[in-house]
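First comes the structure, then the notes that go with it.
Below you can see the structure in the form of structure tokens.
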């Protein structure tokens, strides 16, 4: 029996020491480390000794011990290196094309997404005082409920200015009142022709003071000082008052000639990378949307922006906000217990204006935003695509090492140093990188219009920016070095004696690293494919889920507030059309861009207890519930001729549950301003995005005339549209009809989800193309390496199918391993993404099967052609030289 082997230090650490250490110091440092290892083994055991040895090796890695690699910077040498590199590139056209093409695709993807990320990160950074501008956010966390919002009562801004000297300026905007419902007709006072416009909001003069938007015409300090004034953007000034100074002139909105609106100023257009995208800013000077609004703390419709004083301690300020507002301003309507509950479960905090676009995914503000998580996700996708291309480069370089081995052996025999060989191989890598970046720029330029369509942006390659071309040059060198450094050190390490004896064939044998890199490539591709499938299914789930209302076959007529006293006549005539099922007049609709009105509701009997619940309160007419296809689960609908219904309310199930009514019919609720009797309960319906839970809803009778919803009979759609258009033209001949379909407007609420799905699909396709390119080249080369083996097998009677299976099985094993690794990773990532939706698709097993089958088929098709060609080849061709 042989004696047990003595413990040895970790081999990798010992080899690492030999690799970096100066030859003149190696014997001493290595000897000391070995001696200490033996002592520690005897005293503390081999496990402790091995860990200590690794630490000794790493501790010795310092500038004084690292061997010097001298590379001569001779122009003639580099000229020769690039000449040889060019010859190798031209000699092996297929491999060179795949290397360069794969690199170029990765570079183009990185460049496009870099432009996207740069644009996203630069949102709202153009204001002179960006660092001091914030908007106020309210957050409430109570039990399972957690919500953030930006809507505050009308007097909230004044309270902030009065109570906290840290605020230099406070301003409000109100995008929720009057000018909503899809836009408004507007015209010059002296014109009779209306033009439909969007981008309206009410704003305080202080907003202009905070943002300091360049003023083209007018006084920036007083442009919204007077009642009934407006500030418009330059593009709208050029449209309505070309080559004129429009200050002091008037516009007519919604055909309201009794209240012409005077232009107080013209500001520069909001840039595309601003979260504020308004063209018409109406003053709120002297304006109340209902009597007593200025002192009413129960209706929340205003967004509040602030300018902090220099040196303000943000954390200390935020800690003071909620207690002061609750105790001093909300106390009259709240009990002490309720005050303490709100202070404990709620808070007010300030969000930097530069964070609004990317950090508002969980904030209800009615605006379209980006998401910082998706910015980094897309950046990671682009990086992975580039990494896959780099892996192709490394794989093909190492796979072809047997072909380069003789070259290395001969050059070393005639005197070439390892350093000169490293320089040669890095020169080749830099040449590949240069060609790849040039082709990548061309790809990016060609694909940019399509990418803009996918991302909803208007990006351009910044050719003239001072940093662009230097960045491309630096990236060319960096990527070339990173991609080439491993092959360079790997190929230059061959020993001449082994090569010239024919003992070296590393390209086809030492494939462990190469296999790992192939697995990484396909793992990334499978994750992207699974992500694409999940995003698509979530979108389908949203569009097909039961919503609590019927979105199909409903046409929305916009701008109906301009019809005035003709509106009832229009509704009546529409109801008489044979293709029309029902008609309602209301601009409170379950889609983005429709009117909203947030409030707090109490059980009237418990009003003094202060237990209020957030709710929407929508004004509707008698036909609203029928037209929208909603279901009353208790009580009844509003009835014409029933006078008491003017004080009645229909609530949804969510509010009934919050108010804890066992039998809600006949109960009375209040918001401190209205006292309402519950006459019915409507089934919960999704009036906001499915990212959010269904909250409270109160439906009351009232006038909200901006839109008409018309429910059509499904089999008479085209006829109905024609009849509606004719009826409109008869009643409003001077105003073109504008309409959309409710299901289209509903789908637009999820444009960001669809955009993510499209981007993921396209980048998944790019990733799989690059991976398959590398797999094709690798399989082609390895088939060449095994050509003699295949010839011998065929001579000995092997069938085509057995040879085909032999060539395919190793690659398919790698693809299956990639699927095993990718599936849990993709499941975790997509579960995290789906958490954004209160109502979401449950990921099923078939997603992973589909992804696995798709990638396996692609791999088989990629490898199969070359494998079949090799299996069908004449064995005499490959054995002739033997």
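Residue numbers (this note's numbering): 619 to 1500.
Every residue gets a Cβ at the ideal spot worked out from N, C-alpha and C, and that includes glycine.
Contact set for residue i: own chain, Cβ-Cβ below 6 Å, skip 5 residues either direction
i: residue 624; result: none
i: residue 1410; result: none
i: residue 1394; result: 1480
i: residue 722; result: 1054, 1057, 1058 and 1061
i: residue 821; result: 791 and 899
i: residue 1363; result: 1209
i: residue 1110; result: 1036, 1039 and 1040
i: residue 798; result: Residue confidence for residue 798 is low, a pLDDT of 44 falling below 50, so the modelled location carries little weight and cannot support an answer.
i: residue 1128; result: Any reading at residue 1128 must be qualified, since the residue scores a pLDDT of 48, below 50, and its modelled position is unreliable; the value itself is stated next. If we look at residue 1128 and ignore the five residues flanking it on each side, it has no Cβ neighbours.
Assigned exposure category for residue i - 16 Cβ within 10 Å defines buried
i: residue 873; result: buried
i: residue 619; result: Its pLDDT being 43, under 50, residue 619 is placed unreliably by the model, and the measurement read from it follows with that caveat. Exposed, by the Cβ-count rule.
i: residue 1270; result: buried
i: residue 915; result: buried
i: residue 1234; result: buried
i: residue 1345; result: buried
i: residue 1206; result: buried
i: residue 925; result: buried
i: residue 769; result: buried
i: residue 697; result: exposed
i: residue 840; result: exposed
i: residue 1142; result: buried
i: residue 756; result: buried
i: residue 946; result: exposed
i: residue 629; result: exposed
i: residue 1086; result: exposed
i: residue 1413; result: exposed
i: residue 1139; result: buried
Residue(s) in a DSSP beta bridge with residue i
i: residue 837; result: The partner list for residue 837 (beta bridge, DSSP) is empty, contrary to what the question assumes.
i: residue 639; result: 684
i: residue 785; result: 926
i: residue 1175; result: 1326 and 1357
i: residue 1315; result: 1234
i: residue 818; result: 898
i: residue 770; result: 920
i: residue 880; result: 847 and 868
i: residue 1155; result: Bridge partners of residue 1155: none, in fact.
Where the alpha helix (DSSP H) through residue i begins and ends
i: residue 940; result: 932-943
i: residue 853; result: 852-858
i: residue 1345; result: 1335-1349
i: residue 1504; result: A query on residue 1504 cannot be resolved here, the shown segment of the chain reaching from 619 to 1500 and no further.
i: residue 1218; result: Counting along the chain, residue 1218 falls outside any alpha helix (DSSP H), though it belongs to the beta strand (DSSP E) covering 1216-1221.
i: residue 674; result: 664-677
i: residue 579; result: For the chain, the structure presents residues 619 to 1500; residue 579 sits outside this window and is missing.
i: residue 1186; result: 1185-1193
i: residue 723; result: 711-739
i: residue 968; result: Segment 964-970 is the beta strand (DSSP E) holding residue 968; no alpha helix (DSSP H) there.
N- and C-terminal bounds of the beta strand (DSSP E) containing residue i
i: residue 1252; result: 1250-1253
i: residue 1501; result: In the structure as shown, the chain starts at 619 and stops at 1500, and residue 1501 therefore has no counterpart that could be examined.
i: residue 1238; result: 1231-1238
i: residue 618; result: In the structure as shown, the chain starts at 619 and stops at 1500, and residue 618 therefore has no counterpart that could be examined.
i: residue 1295; result: 1293-1300
i: residue 868; result: 868-871
i: residue 743; result: Careful: residue 743 lies outside any beta strand (DSSP E) and carries neither H nor E.
Own chain partners of residue i with C-beta closer than 7 Å, once the 5 adjacent residues on each side are dropped
i: residue 563; result: Any answer about residue 563 is impossible in this case: the structure gives the chain only from 619 up to 1500.
i: residue 985; result: 893
i: residue 989; result: 976 and 979
i: residue 1304; result: 1165, 1166, 1208 and 1312
i: residue 811; result: 805
i: residue 1435; result: 1137
i: residue 772; result: 911, 912, 914 and 920
i: residue 1476; result: 1386 and 1390
Closer than 7 Å: residue i CB and nearest the ligand SAM heavy atom
i: residue 901; result: This structure lacks the ligand SAM; in fact it carries no ligand of any kind.
Short CB-CB distance (under 8 Å) between residue i and chain D
i: residue 1203; result: Judged by its chain identifiers, the structure shown contains no chain D, having just a single protein chain.
Rounded Cβ spacing between residue i and residue j (contact assumed at less than 8 Å)
i: residue 1172; j: residue 1347; result: Not quite, the Cβ-Cβ distance comes to about 21 Å (not below 8 Å), so this is no contact.
i: residue 826; j: residue 1069; result: Residue 826 to residue 1069, Cβ: 35 Å. No contact.
i: residue 1241; j: residue 1202; result: 5 Å
Close Cβ partners of residue i (< 8 Å) along its chain, the five nearest in sequence each way excluded
i: residue 638; result: 679, 683, 684 and 685
i: residue 1314; result: 1219, 1231, 1232, 1233, 1234, 1269, 1270, 1272, 1273 and 1276
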